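If you read the sequences in order, they're chains A and B. Counting from 1, one number per residue, gives the positions in the first sequence under full-length UniProt numbering. Counting from 1, one number per residue, gives the positions in the second sequence under full-length UniProt numbering. What follows is one structure encoded as structure tokens, with my remarks underneath.
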Amino acid sequence: MDFFPHRHLLGIKGLTEQDITLLLDRADEAVKISRQREKKTSTLRGLTQINLFFEASTRTQSSFELAGKRLGADVMNMSVSNSSVKKGETLIDTAMTLNAMHPDVLVVRHSSAGAAALLAQKVSCSVVNAGDGQHEHPTQALLDALTIRRAKGKLSRIIVAICGDVLHSRVARSNILLLNQMGARVRVVAPATLLPSGIADMGAEVYHSMEEGLKDADVVMMLRLQRERMAGSFVPSVREYFRYYGLDAEKLKAAKEDALVMHPGPMNRGVEIASEIADGPQSVIEQQVEMGVAVRMAVMETLLLSQNQGPRA
Amino acid sequence: MTNSLVLKNLRIIDPSRNLDEIGTIIVENGVILAAGKTAQNQGMPEGATVKDCNGLVAVPGLVDARVFVGEPGGEYRETIESASRAAAAGGVTSIITMPDTDPVIDDIALVQFVQKTARDKALINVYPAAALTKHLDGEEMTEFGLLREAGAVCFTNGRRPVHDTLVLRRAMTYAREFGAVISLETRDRYLGADGVMNEGLLASWLGLSGVPREAEIIPLERDLRIAGLTKAAYHAAKISLPESAEAIATARKRGANVTCGISINHLTLNENDIGEYRTFFKLSPPLRGEDDRVAMTQALADGTIDIIVSSHDPQDVDTKRLPFADAADGAIGLETLLPAALRLHHNGTVPLMRLIDALSTRPAQIFGLDAGTLKPGAKADITVIDLDEPWLYAKEAIVSRSKNTPFENARFTGRAVATYVAGKLVYSGQPL
């Protein structure tokens with residue numbers, strides 16, 4: 001087994017090209033398992049996985065749950081509603097309680113940036129970041145990369161346009177890091193109100209027009225725009241946002257003819273993406289969901305098995 | 001029959017080319033073919049109307065970047081049509097109308113309404129400014145992209161300042177992408193909130209509460225910082241104090257893309273004119289002291305202040321025939337913009353070239369209007385001025401539908417005697 005020198009997956013930052021390639025290769029194998037009739041293996045039999053979700057999530061949580069179960073682990077879900085969580089101390093208290101139950105991996109989602117890293121310092125098992133605030137969402141970036149690699153055969157030297165609410169998006173940050181690490185060209189396309197300051201130095205070319213930003217793109221990655229950010233605060237209105245930044249057939253024409261259309265979900269149809277595009281031939285949004293399970297299987301397997309075999313990071 | 005016009009033997013002042021010479025202007029089909037000395041020897045279009053304008057001055061039609069109208073919602077005070085007649089009489093060929101109407105111009109359909117009404121009824125060019133925030137309440141930004149496509153030339157919160165710095169930052173950041181200029185008045189929310197005139201000795205004697213200078217300067221400094229942060233194009237619509245002009249100059253040195261304007265009232269009147277509670281002199285910002293006025297004429301002369309506006313704001317008896325503190329702010333000014341500005345020429349404080357620049361070329365540049373120049377190929381918006389005609393602005397002669405002028409029965413020297421919009425005569429004060 002190839003060596004993976006990390007105990008946790010807290011972010012894409014810190015992963016080398018080799019690390020990422022290893023995870024993606026292994027995820028390719030996991031896809032095969034998911035497509036068999038017999039989907040259960042015994043790779044992680046006897047190990048315990050706890051999904052600790054401080055932020056409501058249906059798809060990510062079920063994706064992690066399924067990944068663990070297909071590897072034969074015992075999976076427990078803990079949804080901690082935001083209202084009952086106060087601040088740092090409670091987060092750590094919860095973690096220490098769970099730690100006493102001897103889990104082998106903790107999958108954590110939290111609304112605060114850095115929450116997963118904080119937990120990782122306190123518990124004795126592996127931690128997988130399933131999204132921390134506006135910081136990172138590494139498994140999403142990995143599943144996006146897997147989807148692209150399977151469709152395009154490579155990640156290097158392709159042009160990926162990430163469009164929409166980059167400012168609030170952990171998905172965008174993880175994707176920018178991963179795609180740069182793999183040698184892709186990353187663009188961000190958004191109104192300036194939805195871009196973080198210093199974006200030009202984050203490894204992305206900045207565009208404010210879809211037509212220019214999508215020109216010759218191999219991949220168009222749309223981001224979700226939260227409802228509360230539409231009415232006059234970050235953008236004036238839904239109709240103006242859709243007019244300038246919503247992906248429709250007209251705007252998609254600027255991209256390459258075989259460009260992939262991606263979205264991390266859940267989608268706002270008619271806000272950031274037109275239905276005809278979301279359901280159209282270029283859309284790989286459903287494949288992304290399938291790859292999500294595979295990538296999470298690969299991550300869990302890699303972390304837990306290298307923990308037993310390799311030296312600890 | 002060609003649609004052409006020749007104005008002969010006049011002094012042509014065109015700040016867009018830094019040109020000041022005796023010459024001829026040739027216009028055909030609404031467009032300037034030639035304007036200057038060389039045009040004198042040029043052949044005239046056949047069948048052209050030729051006018052000898054010996055002793056007169058021609059300048060690019062004036063552009064007034066801050067005009068309040070009553071339409072829609074307050075047509076009894078001023079309609080787009082009546083404002084356009086007042087403008088034509090004052091030598092103004094383009095106006096930017098403020099969104100402070102009822103309803104507020106914060107939607108595409110309303111921008112289109114202003115444009116359609118202007119197209120059907122106005123004698124001059126009318127450019128709508130759209131609201132920066134919905135209902136002008138300073139909270140949610142409007143659809144800059146769509147409004148701009150519909151024809152809004154800039155975004156402003158009209159008479160109402162924006163207090164929320166976060167809203168301002170986002171609006172400026174967003175506007176930058178659409179190349180939209182944000183034009184704002186600054187007035188602190190609390191400081192001098194109940195003030196009705198310049199704070200100082202005079203206000204104290206009159207028993208009126210004052211607006212301190214800082215009420216203008218503090219939010220202006222704040223806006224300029226945000227303009228620097230966001231790199232937006234910011235226009236301080238109506239400054240009244242030398243400290244404000246200094247703040248603009250300093251922000252420019254820091255690299256901010258900022259410009260500013262002043263109302264003609266603040267260049268030619270001072271707080272003493274209020275006399276015994278004359279409400280037509282109740283303005284926002286308030287008229288300041290004489291030292292401030294003099295300093296502002298200097299700032300205009302040296303170019304720190306970019307443009308002069310009329311800040312035409314028609315008010316009727318219902319809002320002006322009240323105790324001073326209860327009366328509305330504002331004065332009409334389209335007809336007196338040029339004559340009052342010419343006082344600064346006659347008393348030698350501001351060169352005529354700079355004056356015309358501030359009244360025409362510069363505002364057209366700032367707001368991206370097709371105006372402010374007499375270059376060949378430009379639209380033939382021309383104001384012909386008699387610099388030396390003495391006259392009296394009598395109440396009966398006021399063209400504007402509202403009569404709240406601070407210049408009632410004022411004596412002026414010089415006025416527009418003919419106003420052309422796209423080569424068409426829209427006003428002629430006396431036979432040419």
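Cβ atoms here follow ideal geometry from the backbone N, Cα and C, with glycine treated the same way. For clarity, every value in this text was computed on a predicted model and none was experimentally measured.
Give every residue of the same chain whose Cβ lies closer than 6 Å to the Cβ of residue i, excluding the five residues on either side of it in the sequence, and list them in chain order.
{"i": "Ser169/A", "result": "Leu223"}
{"i": "Glu71/B", "result": "Thr79, Ile80"}
{"i": "residue 435/B", "result": "There is simply no residue 435/B to check, as chain B begins at 1 and stops at 432 in what is shown."}
{"i": "Ala27/A", "result": "Leu146, Ala294, Val295, Ala298"}
{"i": "Lys122/A", "result": "Ile92, Ala95"}
{"i": "Ser284/B", "result": "Asp329"}
{"i": "Val238/A", "result": "Met230, Val271"}
{"i": "residue 438/B", "result": "Residue 438/B cannot be examined here, being either before or after the span of chain B that is shown, 1 to 432."}
{"i": "Tyr234/B", "result": "Ile182, Ala227, Val258"}
{"i": "His8/A", "result": "Ala120, Ser126, Val127"}
Please identify the residue among the options whose C-alpha is closest to the C-alpha of residue i.
{"i": "Leu66/A", "options": "Ala56/A, Leu106/A, Lys40/A", "result": "Lys40/A"}
{"i": "Ser209/B", "options": "Gly36/B, Gly195/B, Asp302/B, Ala232/B", "result": "Gly195/B"}
{"i": "residue 436/B", "options": "Thr297/B, His312/B, Ala394/B, Ser360/B", "result": "The displayed coordinates of chain B run from 1 to 432. Any statement about residue 436/B would go beyond what the structure contains."}
{"i": "Thr186/B", "options": "Glu214/B, Asp306/B, Ala203/B", "result": "Glu214/B"}
{"i": "Leu269/B", "options": "Gly261/B, Phe280/B, Cys260/B", "result": "Phe280/B"}
{"i": "Lys256/A", "options": "Gly213/A, His135/A, Tyr244/A", "result": "Gly213/A"}
{"i": "His346/B", "options": "Arg411/B, Ile382/B, Gly333/B, Ile305/B", "result": "Arg411/B"}
{"i": "Gly74/B", "options": "Asp357/B, Thr373/B, Gly372/B, Thr319/B", "result": "Thr319/B"}
{"i": "Thr97/A", "options": "Ala192/A, Gln140/A, His135/A, Leu52/A", "result": "Leu52/A"}
{"i": "Gln18/A", "options": "Ser126/A, Ser275/A, Gln181/A, Ile148/A", "result": "Gln181/A"}
{"i": "Gly228/B", "options": "Ala418/B, Tyr277/B, Arg254/B, Gln42/B", "result": "Arg254/B"}
{"i": "Gly11/A", "options": "Ala278/A, Ala30/A, Leu118/A", "result": "Leu118/A"}
{"i": "Met98/B", "options": "Gly91/B, Ala88/B, His135/B", "result": "His135/B"}
{"i": "Thr58/A", "options": "Met78/A, Asp144/A, Ile33/A, Leu71/A", "result": "Met78/A"}
Grab me the residues of residue i's own chain with a C-beta within less than 7 Å of its C-beta, minus the 5 sequence neighbours each way, in chain order.
{"i": "Leu5/B", "result": "Val27, Ala48, Thr49, Gly423"}
{"i": "Arg150/A", "result": "none"}
{"i": "Phe242/A", "result": "Gly270, Val271"}
{"i": "Asp388/B", "result": "Thr413, Gly414"}
{"i": "Pro311/A", "result": "Confidence in Pro311/A is poor, its pLDDT being 43 and thus under 50, which makes the residue's placement unreliable; the coordinate value appears in the next sentence. The answer is none, since no qualifying residue turns up."}
{"i": "Leu352/B", "result": "Ile13, His345"}
{"i": "Ala122/B", "result": "Ile80, Glu81, Ser84"}
{"i": "Ala118/B", "result": "Ile80, Val126"}
Less than 8 Å between C-beta atoms, sequence neighbours within five positions excluded: which residues of the same chain meet that for residue i?
{"i": "Glu139/B", "result": "Thr133, Asp164, Val167"}
{"i": "Phe155/B", "result": "Ala129, Ala130, Ala131, Leu132, Thr142, Phe144, Leu147, Ala171, Ala175, Ala180, Val181, Ile182, Ser183"}
{"i": "Val111/B", "result": "Ile105, Pro128, Ala130, Leu147, Ala150, Gly151, Ala152"}
{"i": "Ser187/A", "result": "As written in the sequence, residue 187/A is Arg, which differs from the Ser given in the question. Cβ within range, chain order: Ile159, Val160, Ala161, Ile162, Ala204, Glu205, Val206, Tyr207, Gly213, Ala217."}
{"i": "Glu276/A", "result": "Asp248, Ala249"}
{"i": "Thr302/A", "result": "Phe4, Leu22, Leu23, Arg26"}
{"i": "residue 317/A", "result": "Given a span of 1 to 313 for chain A in the structure shown, any question on residue 317/A remains unanswerable."}
{"i": "Lys215/A", "result": "Ala254, Ala255"}
{"i": "Ile176/A", "result": "Ile162, Val186, Val188, Met202, Gly203, Ala204"}
How close, in whole Å, do the beta carbons of residue i and residue j come, if the pair is a contact with beta carbons under 8 Å?
{"i": "Glu78/B", "j": "Ser402/B", "result": "6 Å"}
{"i": "Asn198/B", "j": "Glu290/B", "result": "That belief does not hold up - the Cβ atoms of Asn198/B and Glu290/B are roughly 11 Å apart, past 8 Å."}
{"i": "Asp106/B", "j": "Ala83/B", "result": "Incorrect: roughly 20 Å between the Cβ atoms, too far for contact."}
{"i": "Asp104/A", "j": "Ala116/A", "result": "Not a contact, Cβ separation roughly 16 Å."}
{"i": "Met291/A", "j": "Leu44/A", "result": "Rounded, the Cβ-Cβ distance is 20 Å, inconsistent with contact."}
{"i": "Ala109/B", "j": "Leu334/B", "result": "Going by Cβ atoms, the distance from Ala109/B to Leu334/B rounds to 27 Å, so no, they are not a contact pair."}
{"i": "Cys53/B", "j": "Lys116/B", "result": "Incorrect: roughly 35 Å between the Cβ atoms, too far for contact."}
{"i": "Asp292/B", "j": "Pro212/B", "result": "In fact, because the Cβ distance is near 13 Å, the residues do not count as touching under 8 Å."}
{"i": "Leu194/A", "j": "Val166/A", "result": "6 Å"}
{"i": "Ala73/A", "j": "Val108/A", "result": "Incorrect: roughly 16 Å between the Cβ atoms, too far for contact."}
Does the distance between the C-beta of residue i and the nearest non-hydrogen atom of the ligand MN fall short of 7 Å?
{"i": "Arg170/A", "result": "This structure simply doesn't include the ligand MN, nor any ligand for that matter."}
Closer than 8 Å, Cβ to Cβ, to anything on chain A: give me those residues from the stretch 124–141 of chain B, in chain order.
-> The residues in question are Thr133, Lys134, Glu139, Glu140, Met141.
Using a Cβ-Cβ cut-off of less than 9 Å, give me the residues of the stretch 210–236 of chain A that come near chain B, in sequence order.
-> Across the stretch 210–236 of chain A, CB contacts with chain B closer than 9 Å involve Ala231, Gly232, Ser233, Phe234, Val235, Pro236, in sequence order along the chain.
Under 7 Å (Cβ pairs) to chain B, residues found in the stretch 191–212 of chain A | Within the stretch 191–212 of chain A, the residues whose Cβ lies closer than 7 Å to some Cβ of chain B are Pro191, Ala192, Thr193, His208, listed in chain order.
In the stretch 165–232 of chain B, which residue ranges form an unbroken beta strand (DSSP E) of at least 3 residues, counting only runs that do not cross its ends?
-> Counting whole runs of 3 or more residues, the stretch 165–232 of chain B contains the beta strand (DSSP E) stretches 181–184.
Interface residues of the stretch 241–273 of chain A facing chain B [CB-CB below 8 Å] | Using a CB distance below 8 Å, the part of the stretch 241–273 of chain A facing chain B consists of Arg243, Tyr244, ordered along the chain.
Contacting positions in the stretch 330–358 of chain B - beta carbon closer than 8 Å to chain A | Those residues of the stretch 330–358 of chain B that come within reach of chain A (Cβ to Cβ, closer than 8 Å) do not exist; the list is empty.
Quick one: which residues of the stretch 143–161 of chain B get their C-beta closer than 8 Å to a C-beta of chain A? List them in chain order.
-> Near chain A, meaning a CB-to-CB distance below 8 Å, the residues of the stretch 143–161 of chain B are Glu143, Phe144, Gly145, Leu146.
Just by C-beta distance, which residues in the stretch 234–250 of chain B are closer than 9 Å to chain A?
-> Near chain A, meaning a CB-to-CB distance below 9 Å, no residue of the stretch 234–250 of chain B qualifies.
Chain A contacts made by the stretch 163–178 of chain B, where a contact means CB separation under 7 Å | Within the stretch 163–178 of chain B, those residues whose Cβ lies closer than 7 Å to any Cβ of chain A are, in chain order, Arg170, Thr173, Tyr174, Arg176, Glu177.
Enumerated in chain order, which unbroken segments of the beta strand (DSSP E) with a length of 3 residues or greater are wholly contained in the stretch 84–170 of chain A?
-> Those beta strand (DSSP E) runs which fall completely within the stretch 84–170 of chain A and span 3+ residues are 105–110, 126–132, 159–163.
Length at least 3, wholly inside the stretch 250–330 of chain B: the beta strand (DSSP E) runs in chain order = Counting only runs of 3+ residues, the beta strand (DSSP E) found wholly inside the stretch 250–330 of chain B occupies 258–263, 307–309, in chain order.
Any chance you could list the alpha helix (DSSP H) runs of at least 4 consecutive residues sitting entirely within the stretch 241–267 of chain A, in chain order?
-> Complete alpha helix (DSSP H) runs here, min 4: 249–252.
Residue ranges of each beta strand (DSSP E) run of no fewer than 3 residues wholly in the stretch 84–140 of chain B, ordered along the chain?
-> Listed in chain order, the complete beta strand (DSSP E) runs (minimum 3 residues) inside the stretch 84–140 of chain B are 92–97, 125–128.
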